[in-house]
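The structure under discussion appears below in the form of structure tokens.
Numbering (the numbering used here), first residue to last: 12 to 244.
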């Protein structure tokens, strides 16, 4: 993939193409090449800066979108959203592995599919965009990728039901009830439709391939209704 094609994929054109080159250059490539007798820059310094930018922007989003959550819960959500595996998923989504400059040995060892290399390059790319276009450009690149990943993390870690229960517990004596409204499909591939009730009123609905997943979706729907989390749909 050429740099031009990659820029089209991520929706950002660099004013300083050298920043993109640096972000995409792995140390293995720099060790094998030089320009004018000087060793090429590689992406480890940008990775260092991008790690801090990523943590800040993710923290700011979580703080704003998930009101009233305690520090411990927010910390766990952030850690899951920006871990190596999550960043590798985001990197693959934009074809980052195919855009990297890798040394011959790293190439032969499958470096383009290496989660660590892709995750590090994602952080470096974020830093390069920030340096080239500022915070607004970095947010425009990051949030469309990161926000769905945060939602995925929440569902996988079964956070929505606990978040809803925590919100309801602010009212003494109150609780919620999950009710199966219907189900369809064959026994080996059913879809369940759940609602969640609060004070005898339906406050959320959701569906899923298991009752637990459907309950999580219903809890998410309720949290959006109560204004506790942002609706990113």
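All residues carry an ideal CB built from backbone N, CA and C; glycine is no exception.
With a CB to CB cut of under 7 Å and the five nearest residues on each side skipped, what residues in its chain are close to residue i?
{"i": "residue 186", "result": "179"}
{"i": "residue 92", "result": "69, 157, 160, 161, 164"}
Please confirm whether residue i and residue j have their CB atoms less than 7 Å apart.
{"i": "residue 110", "j": "residue 57", "result": "no"}
{"i": "residue 97", "j": "residue 160", "result": "yes"}
{"i": "residue 232", "j": "residue 215", "result": "yes"}
{"i": "residue 143", "j": "residue 27", "result": "yes"}
{"i": "residue 191", "j": "residue 68", "result": "no"}
{"i": "residue 89", "j": "residue 113", "result": "no"}
Exposed or buried, what is residue i when buried is set at 16 or more other beta-carbons lying within 10 Å of its beta-carbon?
{"i": "residue 63", "result": "exposed"}
{"i": "residue 102", "result": "buried"}
{"i": "residue 228", "result": "buried"}
{"i": "residue 242", "result": "exposed"}
How is residue i classed by DSSP in three states: helix, strand or coil?
{"i": "residue 13", "result": "coil"}
{"i": "residue 68", "result": "helix"}
{"i": "residue 112", "result": "strand"}
{"i": "residue 164", "result": "helix"}
{"i": "residue 217", "result": "strand"}
{"i": "residue 212", "result": "strand"}
{"i": "residue 93", "result": "coil"}
For my contact list, residue i and residue j are in at a C-beta cut-off of 8 Å; report their separation, rounded to the angstrom.
{"i": "residue 135", "j": "residue 54", "result": "4 Å"}
{"i": "residue 172", "j": "residue 230", "result": "5 Å"}
{"i": "residue 51", "j": "residue 41", "result": "4 Å"}
{"i": "residue 137", "j": "residue 151", "result": "Between residue 151 and residue 137 the Cβ distance is about 11 Å, and since that is not below 8 Å, they are no contact."}
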